[in-house]
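Using this note's numbering, you'd call the opening residue of the sequence shown number 978 and step up by one each time.
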Amino acid sequence: MLVVFAIILLTLVLFVTEWFPIDVTAILVMVLLMVLEPWTQISPQEGISGFANPATITVLAMLILSTGINRTGIVQLIGQRMAAFAGTDRRKQLAATIGITGPVSGAINNTPVVAILVPVINDLAHNGKTSPSKLLIPLSFASMLGGTLTLIGTSTNILASDIAAQLGAESPGLGLHAFGMFEFTKLGVVVFAVGAIYLMTIGVRLLPERVSADEDLVEEYALQEYLADVVVPANSSLIGQPVEEAFGDDDLDIDVLQLLRDGERFSNLLARKEIRENDTLRLRTHRETLEHIIDVEGLTLAGGPRTEDGLHPDEEEPVLVEVVIPSGSFLVGETLASSTFRHRYDANVLAFRTRGDVVQDRFEDIRIRVGDTLLVQAPPDSLTRLVENEDFIVAHEFDEVTYRTEKIPFAVGIIAGVVSLPALNILPLVVSALAGVVAMVFTGVLKPTELYSSVEWNVIFLLAGVIPLGIALQQTGAAALLGNAVASTATFLPAIGVLWVFYLATGLLTSVISNNASVVLMIPVAASTAQSIGANAFAFVLAVTFAASTAFMTPVGYQTNLFVYGPGGYTFSDFLRVGAPLQLLLSVVTVIGIAFFWGVRV
């Protein structure tokens, strides 16, 4: 037990500090459990069992199905209808955001829903003269609330269902079983309704306006002091040099964004273009560096853009956009320098937002994390490639992107089948989901080559890595020990009070580590506690599941929070200010709802 507790402590530290990506941490945990088999009681077969676990396979299939829905453009079409309905009415905008996001998140995995809707809601806000900060946190929160409506709403529900089934098979007296497709929908509807009312009334008052309703990314990222136009004089040593070699010293941290020559602007493929006399170069650099090169090269300062319109006065297409880095992106763990992002996409990064902090210079060597936001300048064709790439969430809609709208009926029918077959007890969910994947390929909703790129492999490795940790908790008796310790609170708390403690503990844990890891750690302890005090184990498992699925208090508690962190211009405290009252409110509502629908005592 001591060894298992030490591994859990190491896991928590690594998750919180993000020294390694969470999927790498999960695999490290899996390896440690197998290497220390004499103490952890985890054999190699049990150590790698997470890869063959029904929950892991089901989540993999659901990620592919979600991509199929995305390829048809149906969610985007719904979003456009939503924008037309909402117009410039802020209350309608918020109601539409919550009302669309929640139910859709119950039908398919909620994480891809937010990735799809971030640009839709961002444009809805700006077109409707509303700050995106007023809508993007509600988008994330509504997706989490919607994820509680069905078994497939979030990977957390699927994993919790599988753990409950395993515990029920090992200890029939617990009365645990796999969740039905709509088994907790009645509670989910209550939670969603209460959460929606909170966001529409109290939450909207607590939300800041971090981003101006009049979209100007130059002003938002405070780039005025980092953009400048300089004219090349006749005696400059830069004349005749290619742009990429003119400022080749990496210590200078200079990017050439545009070249103006005889009234013509050049933005694309600048690297090999030679500099001539009287060329005007638009630079991104620090003020001190600018003064240095002006002095050394004899350049003449010719002002610089102060707004986004000034940056691209002759361009109709948006060429300056925010790009959010989702989990699974090849950029995670890389730096801009090591990833060759600029050369791959013919794009310049003008600023970098990480965990709420904006960096305007010397960001080439900053290691990129999930949820970081890049302010990117690129030609329209490059932006289209970024939009169509699963490695990025571009916070702006583009008409150039083509969807397979003719496949919408097939996609909707397949999802309906995936949901209804397990609900009618005709097929297990894992079989139904895999059959849905095959059906999407056969009907052309997805191409065979898209299957592998559709999977967030870091999520799959995370699940596979932490599942053995739950087994170790059970087999070493660590879960029972913790359960008995928590059960001691029953001497001064009623069973419903102990249930509430579990909800709060899971919510706090999920705020700093992965929601899936929280479920793996807390469900065995919750079941042991329920058994010790003679309570309904299913009620305790549900409390943990709902708490882990609704992590509102920090941007790192849930992936969808990270997706809106940058585009909303939020700070860490914004999530706490809006999310903590909601978390506390739902802790009471959920626990009372569980007691009402299922009872706390056996």
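We treat Cβ as the ideally placed atom computed from N, Cα and C, and that holds for glycine.
Where residue i falls, given that 16 or more other Cβ within 10 Å makes a residue buried
i       : result
Glu1293 : For Glu1293, the pLDDT reaches just 49, beneath the cut-off of 50, and the residue's location in the model is therefore unreliable, leaving the point undetermined.
Asn1212 : exposed
His1373 : buried
Thr1382 : exposed
Thr1466 : exposed
Thr1567 : buried
Glu1202 : exposed
Asn1513 : buried
Glu1222 : exposed
Asp1342 : exposed
Asp1358 : exposed
Asn1402 : exposed
Val1475 : buried
Ser1550 : exposed
Val981  : buried
Three-state secondary structure assigned by DSSP to residue i
i       : result
Gln1536 : helix
Arg1578 : strand
Ala1512 : strand
Pro1219 : strand
Leu1126 : coil
Phe1243 : strand
Glu1023 : helix
Glu1014 : helix
Thr1531 : coil
Leu1206 : Before going on, a small fix: residue 1206 reads as Asp here, not Leu. In the structure shown, Asp1206 sits in a strand (DSSP, three-state: E or B).
Glu1251 : strand
CA-to-CA distance, residue j to residue i, given in whole angstroms
i       : j       : result
Gln1053 : Ile1252 : 44 angstroms
Ile1093 : Asn1047 : 7 angstroms
Ser1231 : Arg1261 : Just to set this straight, residue 1231 is Ile in the shown sequence, not Ser. Straight-line Cα distance between these residues: approximately 6 angstroms.
Ile1302 : Gln1354 : 16 angstroms
Pro1096 : Pro1031 : 33 angstroms
Val1521 : Thr1162 : 16 angstroms
Leu1313 : Val1408 : 41 angstroms
Pro1295 : Ala1462 : Annotation note: pLDDT 47 at Pro1295 (below 50); position unreliable, coordinate value reported separately. Near 58 angstroms, if we compare the C-alpha coordinates of Ala1462 and Pro1295.
Val943  : Ser1495 : The first residue shown for the chain is 978 and the last is 1579, placing residue 943 beyond what the model contains.
Leu1498 : Leu1446 : 8 angstroms
Phe1318 : Ala1324 : 7 angstroms
Leu1406 : Ile1437 : 17 angstroms
Ala1199 : Pro1109 : 18 angstroms
Asp1256 : Gly1413 : 58 angstroms
Ile1140 : Leu1398 : 21 angstroms
Glu1265 : Ile1129 : 54 angstroms
Glu1197 : Val1188 : 7 angstroms
Ile1098 : Ser1316 : 29 angstroms
Phe1028 : Trp1575 : 33 angstroms
Val1001 : Leu1037 : 18 angstroms
Phe1156 : Gly1083 : 15 angstroms
Phe1375 : Arg1362 : 11 angstroms
Leu989  : Ile1490 : 7 angstroms
Arg1332 : Glu1147 : 43 angstroms
Leu1009 : Thr1178 : 48 angstroms
Residue span of the beta strand (DSSP E) that contains residue i, given as start and end
i       : result
Asn1325 : 1325-1331
Phe997  : Where Phe997 is concerned, there is no enclosing beta strand (DSSP E), given that its DSSP letter is neither H nor E.
Thr1350 : 1350-1354
Ala1279 : Ala1279 -> no beta strand (DSSP E), and no H or E assigned at all.
Asp1334 : 1334-1336
Leu1297 : 1297-1301
Range covered by the alpha helix (DSSP H) that runs through residue i
i       : result
Thr1088 : 1087-1104
Val1081 : 1067-1084
Phe1438 : 1434-1452
Asp1232 : Looking at the DSSP string, Asp1232 is not in any alpha helix (DSSP H); the run it does join, the beta strand (DSSP E), is 1232-1238.
Val1166 : 1162-1175
Ala1412 : 1406-1419
Leu1481 : 1472-1487
Glu1374 : Neither: Glu1374 is in no alpha helix (DSSP H) and is coded neither H nor E.
Ala1457 : 1455-1464
Leu1260 : Counting along the chain, Leu1260 falls outside any alpha helix (DSSP H), though it belongs to the beta strand (DSSP E) covering 1257-1261.
Glu1365 : 1357-1365
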